[in-house]
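J.:
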Amino acid sequence: MRNIIFNRDRHDCQTLTEEDPCLALTGPSRAVGMNEHVTIEAELKVKGAAKSEDRYFILEAKAVPLNWGGRDVEFSGTRGTILKISLGELHNCVEATIFFRVVGGTWPAGLQGHFAASTAEPPNKEVILIAFGCDDGESIRGDSNMTHLRHVVSVQDSGELIVSVRAWRDGQAVIDQEEVRLKAKLSGRSFGSLNVCSCHVGVLVAWSRIRPMCDDLVPEVSRRLCHS
Numbered sequence: 202m203r204n205i206i207f208n209r210d211r212h213d214c215q216t217l218t219e220e221d222p223c224l225a226l227t228g229p230s231r232a233v234g235m236n237e238h239v240t241i242e243a244e245l246k247v248k249g250a251a252k253s254e255d256r257y258f259i260l261e262a263k264a265v266p267l268n269w270g271g272r273d274v275e276f277s278g279t280r281g282t283i284l285k286i287s288l289g290e291l292h293n294c295v296e297a298t299i300f301f302r303v304v305g306g307t308w309p310a311g312l313q314g315h316f317a318a319s320t321a322e323p324p325n326k327e328v329i330l331i332a333f334g335c336d337d338g339e340s341i342r343g344d345s346n347m348t349h350l351r352h353v354v355s356v357q358d359s360g361e362l363i364v365s366v367r368a369w370r371d372g373q374a375v376i377d378q379e380e381v382r383l384k385a386k387l388s389g390r391s392f393g394s395l396n397v398c399s400c401h402v403g404v405l406v407a408w409s410r411i412r413p414m415c416d417d418l419v420p421e422v423s424r425r426l427c428h429s
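Every letter in the sequence shown is one number past the one before it in the numbering used here, and letter 217, counting from 1, is 418.
1. In this structure, how does DSSP classify G234 when only helix, strand and coil are distinguished?
2. Quick check on the DSSP output: the beta strand (DSSP E) that includes H315 runs from which residue to which?
3. Just how far apart, CA to CA, sit G402 and A318?
4. Cβ of G389 versus every heavy atom of the ligand ADP: is any distance shorter than 8 Å?
5. Go ahead and label C335 buried or exposed: buried means 16 or more other beta carbons lie within 10 angstroms of its beta carbon, across all protein chains shown.
6. When the Cα atoms are used, what is the spatial distance from E219 to W408?
7. Tell me the rounded alpha-carbon separation between H349 and C214.
8. Going by CA-CA distance only, name the one from E275, A251, E296, W269 that's closest to V354.
9. Can you name, in chain order, every residue of its own chain whose Cβ lies under 6 Å from the Cβ of K386, other than the five neighbours on each side?
10. Buried or exposed: which applies to G314, given that a residue is buried once 16 or more other Cβ atoms fall within 10 Å of its Cβ?
11. For D221, name the three-state secondary structure that DSSP assigns.
12. State the Cα-Cα distance for the pair L383 and S391, rounded to the nearest angstrom.
13. For G389 and E242, what's the separation of their Cα atoms in angstroms?
14. So, does the stretch 296-311 touch the stretch 267-278, judging by three or more C-beta pairs under 8 Å?
15. Enumerate in chain order the residues of its own chain whose CB-to-CB distance from K285 is below 6 Å, with the five nearest sequence positions on each side excluded.
16. How about the stretch 319-330 and the stretch 351-368: do they share at least three Cβ pairs that are nearer than 8 Å?
17. Please say whether V404 and V364 have beta carbons closer to each other than 9 Å?
18. If you compare alpha carbons, which of S345, T227, A332, E290 is closest to K326?
19. Need the endpoints of the beta strand (DSSP E) that S355 sits in, please.
20. What three-state label does DSSP hand E327 in the structure shown?
21. In the DSSP assignment, find the beta strand (DSSP E) that holds S365 and state where it starts and stops.
22. Between the alpha carbons of L245 and N204, how many angstroms are there, rounded?
23. Which of the three DSSP states is assigned to G338 in this structure?
24. Roughly how many whole angstroms lie between the Cα atoms of G360 and C294?
As C-alpha cells, then:
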C-alpha cells in the first residue's frame, strides 16, 4: 500500500539551497484514500564523500488521522532542521492522469520553466508536472512525448483541472504563460493545448474513478459507481 512521493538514490541526489529548499516530488502515483489514518514515512540522508560517510537527515514516521484538517506534517531532523509536508484535502474526487506531447512547431532553445496542474477549488495548490531547463533534449523524447516528474493529480468530481505552462530565459521575468481548464469527468478523456512560444503542445487527460479501499464505508450508490 506504499505510495511513493519522493524517491532518489545517492547517485541521483538533489541539492537543496535556501533559494530552492523544496524536494522535487515524483508522486503520489495514485490518490491517497483517507478511510482511516495514513502513515507518512520520511527517510532522507545527507550525501557524504563516500557511501560510508552518508548520514541520516530525517528518519521518522507519523500517523495522520482523519480529522487532520489539511495542516502541514512536520518531521524533526538533525541540527534542528525541519521537514514540512504540505497536505491538501479533497472530497468526492477523481484521478486525472496527464500527458504532454509536442504536436507542432519547434521547441524554443534555451527555454526554462514548467508545466503544472492545480484545481479551481481549494486548496488550489500548484503541482509541478514537468520542469524544463536550458537543454530542450531533456524534456522531449524521440516520440515527441514529454518526460514527466509526475503524472497523476486528484480533482473534485464537480470541479475543474487547470493545466498551465510558464516559461522564462536565464532566470529572468516570465516571457510566456498560458493555461487550459478541463471539466472533471468520472471516466473518459479530455484534450487541450498549450503554446510555448513557437511550440504547440497537446494535453491529454485520462479520467478514472477512485475506488474506496473499504466498500462498507461508502454509500451503496457510490459502490455501484466504483464497480461499474
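Just so you know, even glycine gets a beta-carbon here, dropped at the ideal spot from N, CA and C. Just so we're clear, the structure is a prediction, and the values are computed from it rather than from any experiment.
T.: Looking at the coordinates:
1. coil
2. Start and end: 313-320.
3. The residue you asked about is not Gly; residue 402 is Val in the sequence shown. Cα to Cα, the separation comes out at about 15 Å.
4. Within the structure as shown, the ligand ADP is missing, as the structure has no ligands at all.
5. Because C335 sits at a pLDDT of 48, beneath the cut-off of 50, its placement in the model cannot be relied upon, and the point is left open.
6. 37 Å
7. 18 Å
8. E296
9. W408
10. Buried, since its Cβ has 16 or more Cβ neighbours within 10 Å.
11. coil
12. 7 Å
13. 34 Å
14. Touching, no.
15. Same-chain partners within the cutoff: D273, E275.
16. yes
17. yes
18. The candidate whose alpha carbon is nearest that of K326 is E290.
19. 353-357
20. The DSSP-derived three-state label of E327 is coil.
21. 361-369
22. 16 Å
23. Low confidence applies to G338: its pLDDT is 45, below 50, so where it sits in the model is not reliable, and the reading given next is rough at best. Of the three classes helix, strand and coil, the one that applies to G338 here is helix, per DSSP.
24. Distance between the alpha carbons of G360 and C294 is about 9 Å.
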